[in-house]
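Residue numbers (the working numbering): 8 to 218.
The beta carbon of each residue, even a glycine, is placed where N, CA and C say it ideally should be.
Input: a single structure, listed below in structure tokens.
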Ligand code: BG6
Ligand code: MG
């Protein structure tokens with residue numbers, strides 16, 4: 008493996024919390040009478056909570072004050088957290104678990120690079136609270152993907168340069184962030200179809216064959 012460090016996005020890569028984000032936003036949008044569907048939801052991948060709300064509000068027929076927006080984001084997050092509390096170690100797939108352990112056995116340092124402010128809660132539910140060598144998340148950044156800040160901080164926390172780290176992403180915004188930071192990337196799902204992705208993958212386990 009040519010990479011000394013691997014930086015994983017969380018939602019849609021390590022676990023499948025995307026469906027919970029969708030359900031929670033959908034509940035908020037329905038309450039407000041705002042049209043929201045899975046296609047709009049795809050644009051929210053990797054994007055921060057408030058930036059996600061702005062995308063949803065493109066379909067609103069009235070303007071909301073900053074205070075109202077804060078309240079809507081708060082309510083969405085309360086709904087989302089209730090769904091997260093039902094997650095258990097069973098929600099971590101055997102493939103992800105085995106691949107992480109295999110990469111670590113090869114000597115790679117492993118980090119999380121996620122826009123989510125719920126990262127530590129989610130890792131705790133999955134039984135990964137103390138697993139990673141570094142965690143860079145929504146609580147230590149001011150600019151969301153496609154800005155590279157979250158990955159640059161992760162590399163810094165690992166004590167590595169971007170060129171020594173591989174970023175693993177499922178979102179186009181995340182691949183753009185990796186490129187902007189000088190990282191090579193491995194992509195799943197829509198990220199694998201994206202021309203800027205260095206290593207398109209069909210499944211998470213393909214990571215052991217990269218580099
Ligand atoms: C990203 C998700 O990981 O985190 C986005 O892909 C989400 O959909 C973002 O909006 C922020 O998450 P949170 O948990 O801080 O609302
Ligand atoms: Mg993601």
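Report back the beta-carbon spacing between residue i and residue j to the nearest angstrom; my notes put them in contact at under 8 Å.
i           : j           : result
residue 56  : residue 80  : 5 Å
residue 58  : residue 123 : The pair is not a contact, with the Cβ atoms about 13 Å apart (cut-off 8 Å).
residue 120 : residue 161 : 4 Å
residue 180 : residue 66  : That belief does not hold up - the Cβ atoms of residue 180 and residue 66 are roughly 20 Å apart, past 8 Å.
residue 167 : residue 140 : Actually they do not touch by this definition, with Cβ atoms about 10 Å apart.
Spatial neighbours of residue i within its chain, please: CB distance less than 7 Å, with the 5 preceding and 5 following residues excluded, ordered by chain position.
i          : result
residue 22 : 98, 99, 129 and 133
residue 90 : 27, 30 and 31
residue 12 : 115, 116, 118, 162, 165, 167, 171 and 172
residue 82 : 35
residue 33 : 43
Could you give the distance in angstroms between the alpha-carbon of residue i and the alpha-carbon of residue j?
i           : j           : result
residue 184 : residue 190 : 9 Å
residue 110 : residue 217 : 10 Å
residue 155 : residue 39  : 33 Å
residue 107 : residue 72  : 44 Å
residue 77  : residue 45  : 23 Å
residue 9   : residue 113 : 10 Å
residue 60  : residue 115 : 36 Å
residue 147 : residue 214 : 27 Å
residue 102 : residue 70  : 45 Å
residue 47  : residue 149 : 24 Å
residue 75  : residue 24  : 25 Å
Cα-Cα, which of the options is closest to residue i?
i           : options               : result
residue 172 : 158, 149 and 137      : 158
residue 14  : 50, 105, 170 and 209  : 170
residue 87  : 18, 175 and 72        : 18
residue 202 : 214, 186 and 143      : 186
residue 68  : 36, 12 and 167        : 36
residue 95  : 42, 34, 209 and 136   : 136
residue 142 : 178, 125, 163 and 118 : 118
residue 176 : 54, 70 and 34         : 54
By the three-class DSSP mapping on this structure, what secondary structure does residue i have?
i           : result
residue 195 : coil
residue 42  : coil
residue 131 : helix
residue 142 : strand
residue 211 : helix
residue 68  : coil
residue 167 : coil
residue 88  : helix
residue 206 : strand
residue 115 : coil
residue 18  : strand
residue 53  : coil
residue 148 : coil
residue 189 : coil
residue 217 : coil
Return the chain-ordered list of same chain residues with a C-beta closer than 6 Å to the C-beta of residue i, the five sequence neighbours on each side being excluded.
i           : result
residue 204 : 182, 192, 194 and 198
residue 207 : 194 and 199
residue 211 : 102, 103 and 106
residue 85  : none
For residue i, I'd like the list of residues in its chain whose CB is within less than 8 Å of its CB, leaving aside the five on either flank, ordered along the chain.
i           : result
residue 126 : 17, 119, 142, 144, 145 and 146
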